[in-house]
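Undergrad:
Residue numbers (full-length UniProt numbering): 1 to 393.
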């Protein structure tokens with residue numbers, strides 16, 4: 001700040017340790033819609049600019065006051081997973097500053113630094129404003145820590161770090177209730193990456209008796225860059241994504257609570273990866289959900305582990321029409337035990353319950369979650385995996 005402004009700025013700053021990977025900390029913070037979950041001073045937050053979250057994204061927040069007052073938040077810096085800058089315009093106060101996210105042996109250290117710029121009557125109580133703001137920020141970041149650390153633990157789920165070729169890869173690990181060990185399942189996400197739906201898939205599988213690990217294969221860069229690399233690796237049937245998945249499988253197999261028998265399940269593009277992994281060593285079953293069926297599937301899948309596959313009869317995406325029949329024929333020809341089903345009322349992505357604005361638009365054109373088809377498919381998938389993953393190594 002300069003000249004006259006500098007005389008009315010109060011700075012507050014501090015740090016908070018969080019037992020979660022930096023990527024998880026960053027993504028949770030970047031989506032301001034999460035803040036009411038750990039900040040009781042906010043009632044609701046909504047994104048008011050279109051598109052994915054990044055520099056320039058704006059949010060509007062309702063304060064927990066009577067009458068309700070609002071403030072706007074704009075992300076001014078977005079460098080995943082190391083720094084977030086923001087500018088907040090609240091009644092009587094502007095707040096400008098940044099969050100710095102640093103890895104630590106125990107997870108992450110979050111550093112916060114804010115310049116408080118009061119307006120109107122609040123200018124008369126600047127020193128009090130600084131003291132009050134410092135105390136409130138400490139409380140907020142302690143609640144944030146508890147939100148990330150304690151909430152997953154309640155559901156017997158937690159974030160873990162997987163050493164991988166792309167560095168410290170965050171992954172969501174969900175454990176069944178009761179005493180293990182349990183068979184393991186690697187979950188290969190769709191184009192949404194580490195999403196609420198992906199974590200829900202992990203919790204569903206753990207409720208069925210599997211130790212489920214969902215790695216964030218997009219953690220190393222922006223969504224667009226990672227997705228292009230993901231597609232390139234799928235077409236080449238080799239590359240970084242396969243190395244990441246191998247690292248995740250090793251991490252899961254090393255869990256004391258894992259029996260050593262491991263399956264893989266994938267959705268959309270992740271379903272294509274699961275199909276490509278089925279003939280490779282290390283997997284005892286694979287669940288394919290609307291993944292592409294390659295033209296050489298009968299040759300490719302010779303010697304593959306047992307496969308359960310699910311498709312939507314109303315899936316109009318490229319390569320989807322007739323995919324269930326083509327895969328069934330290829331698996332029969334390859335002599336692979338299988339269960340392939342097409343659900344007539346379902347479209348593409350019918351097992352993935354994404355709830356963001358883009359997903360709501362996609363549902364209008366027939367892509368997205370179908371509750372009745374998903375309810376029919378899940379028990380069938382779980383029973384198939386359980387049959388082939390039971391027992392030890």
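By construction, the Cβ of each residue, glycine as well, lies at the ideal position given by its N, Cα and C atoms. Predicted, not measured: the structure shown is a model, and the values here were computed from it.
Taking 6 Å as the limit between beta carbons, can you name the residues of its chain near residue 338, skipping five residues before and five after?
TA: Position 338 of the chain shown, counting from 1, holds the residue named residue 338. So the qualifying residues of the chain are 307 and 331.
Undergrad: Compare the C-beta of residue 314 against all C-beta atoms of chain B and say whether one is closer than 7 Å.
TA: No chain B appears in this structure, which consists of one protein chain only.
Undergrad: From the DSSP output, in three-state form, read off residue 376 for me.
TA: Counted from its first residue, the chain shown places residue 376 at position 376. Looking at residue 376 - three-state DSSP - the assignment turns out to be helix.
Undergrad: What would DSSP say about residue 152, mapped onto helix, strand or coil?
TA: The count along the chain shown starts at 1 and reaches residue 152 at position 152. A caution first: residue 152 carries a pLDDT of 44, below 50, which makes its placement in the model too unreliable to give a value.
Undergrad: For a minimum of 4 consecutive residues, which ranges assigned as the alpha helix (DSSP H) are wholly contained in the segment 159-236?
TA: The qualifying runs are 196-207 and 223-236.
Undergrad: Does the segment 74-84 come within contact of the segment 21-37, defined as at least 3 CB pairs closer than 8 Å?
TA: Flag = yes, the segment 74-84 and the segment 21-37 touch.
Undergrad: Can you tell me whether residue 293 is buried or exposed, with buried defined as 16 or more other CB within 10 angstroms of its CB?
TA: Position 293 of the chain shown holds residue 293. So residue 293 counts as buried.
Undergrad: With a CB to CB cut of under 8 Å and the five nearest residues on each side skipped, what residues in its chain are close to residue 120?
TA: Locating residue 120 in the chain shown gives position 120, where the first residue counts as 1. Same-chain partners within the cutoff: 92.
Undergrad: Just to check my reading of the structure: residue 110 and residue 18 have Cβ atoms closer than 8 Å, yes? What is that Cβ distance to the nearest angstrom?
TA: Working through the chain shown from its first residue, we reach residue 110 at position 110. Working through the chain shown from its first residue, we reach residue 18 at position 18. Indeed, because the Cβ distance is near 6 Å, the residues count as touching under 8 Å.
Undergrad: Give the secondary structure of residue 15 by DSSP, where H, G and I count as helix, E and B as strand, and everything else as coil.
TA: Numbered from its first residue, the chain shown carries residue 15 at position 15. It is a strand residue.
Undergrad: Below 8 Å on the Cβ atoms is my guess for residue 16 versus residue 168; work out the distance and round it to an integer in Å.
TA: Counted from its first residue, the chain shown places residue 16 at position 16. Counted from its first residue, the chain shown places residue 168 at position 168. At roughly 19 Å, the Cβ-Cβ gap does not stay under 8 Å, so residue 16 and residue 168 are not in contact.
Undergrad: Quick one: residues in its chain with C-beta nearer than 7 Å to the C-beta of residue 301, no 5 flanking neighbours on either side, listed in chain order?
TA: As a working note, residue 301 is residue 301 in the chain shown. Here the set comprises 278, 279, 330, 331, 334 and 336.
Undergrad: Apart from the five residues on each side of it in sequence, which residues of its chain come closer than 6 Å, Cβ to Cβ, to residue 272?
TA: By one-based count along the chain shown, residue 272 stands at place 272. Same-chain partners within the cutoff: 234, 291 and 292.
Undergrad: Apart from the five residues on each side of it in sequence, which residues of its chain come closer than 7 Å, Cβ to Cβ, to residue 303?
TA: Against the chain shown, residue 303 aligns to sequence position 303. Correct list, in chain order: 279.
Undergrad: Can you name the start and end residues of the alpha helix (DSSP H) that residue 27 belongs to?
TA: Translated into the one-based positions of the chain shown, residue 27 becomes position 27. 22-30 is the extent of the alpha helix (DSSP H) around residue 27.
Undergrad: Tell me which same chain residues have a C-beta within less than 8 Å of the C-beta of residue 384, skipping the five on either side of it?
TA: Taking the chain shown and counting its residues from 1, the one referred to as residue 384 is at position 384. Result list for residue 384: 285, 287, 306, 308 and 339, in chain order.
Undergrad: In whole angstroms, what separates the C-alpha of residue 163 from that of residue 117?
TA: On the chain shown, residue 163 is found 163 positions in, with the first residue counted as 1. On the chain shown, residue 117 is found 117 positions in, with the first residue counted as 1. About 43 Å.
Undergrad: Within its chain, find whatever has a CB closer than 8 Å to the CB of residue 159; leave out the 5 residues flanking it on each side and keep chain order.
TA: As a position in the chain shown, residue 159 is number 159, starting the count at 1. Same-chain partners within the cutoff: 20, 21, 24, 148, 152, 170, 171, 172 and 173.
Undergrad: Below 6 Å CB to CB, which residues in the same chain sit around residue 388 once its five sequence neighbours on both sides are set aside?
TA: Along the chain shown, read from residue 1 onward, the residue named residue 388 stands at position 388. The residues are 284, 285 and 306.
Undergrad: Thinking residue 42 and residue 62 are a contact (beta carbons under 8 Å), I'd like their distance in whole angstroms, please.
TA: For this step, residue 42 is matched to residue 42 along the chain shown. For this step, residue 62 is matched to residue 62 along the chain shown. About 7 Å; that satisfies the 8 Å criterion.
Undergrad: To the nearest angstrom, report how far apart residue 386 and residue 268 are at their CA atoms.
TA: Walking along the chain shown from the start, residue 386 turns up at place 386. Walking along the chain shown from the start, residue 268 turns up at place 268. Distance between the alpha carbons of residue 386 and residue 268 is about 22 Å.
Undergrad: Is the distance from the Cβ of residue 366 to the Cβ of residue 314 below 7 Å?
TA: The sequence position of residue 366 within the chain shown is 366, counting from 1. The sequence position of residue 314 within the chain shown is 314, counting from 1. Yes, the pair counts as a contact, with Cβ atoms nearer than the cut-off.
Undergrad: Which residue comes first and which comes last in the beta strand (DSSP E) that contains residue 261?
TA: Stepping through the chain shown from its first residue, residue 261 is reached at position 261. Here the beta strand (DSSP E) through residue 261 covers 258-267.
Undergrad: Which residue or residues does DSSP assign as beta-bridge partners of residue 85?
TA: Counted from its first residue, the chain shown places residue 85 at position 85. The partner list for residue 85 (beta bridge, DSSP) reads 77 and 98.
Undergrad: What are the start and end residues of the alpha helix (DSSP H) that includes residue 332?
TA: Here the question's residue 332 lines up with position 332 in the chain shown. Segment 323-334, the alpha helix (DSSP H) holding residue 332.
Undergrad: With C-beta atoms as the reference, is residue 10 less than 7 Å away from residue 129?
TA: One-based indexing of the chain shown puts residue 10 at position 10. One-based indexing of the chain shown puts residue 129 at position 129. The answer is yes: Cβ separation under 7 Å.
Undergrad: Can you give me the C-alpha to C-alpha distance between residue 397 and residue 136, rounded to a whole angstrom?
TA: Because the chain is modelled from 1 through 393, residue 397 falls outside the range shown and cannot be assessed.
Undergrad: With 16 other CB atoms within 10 Å as the buried threshold, where does residue 264 fall?
TA: Residue mapping note: residue 264 aligns to position 264 of the chain shown, counting from 1. By the neighbour-count rule (16 or more Cβ atoms within 10 Å), residue 264 is buried.
Undergrad: Which same chain residues, not among the five before or five after residue 208, have their C-beta less than 6 Å away from its C-beta?
TA: Position 208 of the chain shown, counted from the start, is the residue given in the question as residue 208. So the list reads 382, once near-sequence residues are dropped.
Undergrad: When you compare each of 196, 236 and 242 to residue 186 by their alpha carbons, which one comes out closest?
TA: Within the chain shown, residue 186 is the residue found at index 186, counting from 1. Considering only alpha carbons, the answer is 242.
Undergrad: Which word fits residue 142, buried or exposed, when buried means at least 16 other C-beta atoms lie within 10 angstroms of its C-beta?
TA: Along the chain shown, read from residue 1 onward, the residue named residue 142 stands at position 142. Label assigned to residue 142: exposed.
Undergrad: Less than 7 Å between C-beta atoms, sequence neighbours within five positions excluded: which residues of the same chain meet that for residue 249?
TA: Reading the chain shown from its first residue, position 249 is the one you call residue 249. Same-chain partners within the cutoff: 186, 262 and 282.
Undergrad: Residue 246 lies in the alpha helix (DSSP H); which residues open and close that run?
TA: As a working mapping, residue 246 is identified with position 246 in the chain shown. Counting along the chain, the alpha helix (DSSP H) containing residue 246 begins and ends at 240-253.
Undergrad: Beta-carbon within less than 6 Å of residue 100's beta-carbon, same chain only, minus the 5 sequence neighbours each way: which residues are those?
TA: The residue labelled residue 100 in the question sits at position 100 within the chain shown. Excluding residues within five positions, the ones whose Cβ falls inside 6 Å are 83 and 111.
Undergrad: Please identify the residue among 220, 193, 311 and 226 whose C-alpha is closest to the C-alpha of residue 400.
TA: No statement about residue 400 is possible, as the shown extent of the chain runs from 1 to 393 and does not include it.
Undergrad: Can you grab the Cα-Cα spacing for the pair residue 124 / residue 57, in whole Å?
TA: Taking the chain shown and counting its residues from 1, one reaches residue 124 at position 124. Taking the chain shown and counting its residues from 1, one reaches residue 57 at position 57. Near 32 Å, if we compare the C-alpha coordinates of residue 57 and residue 124.
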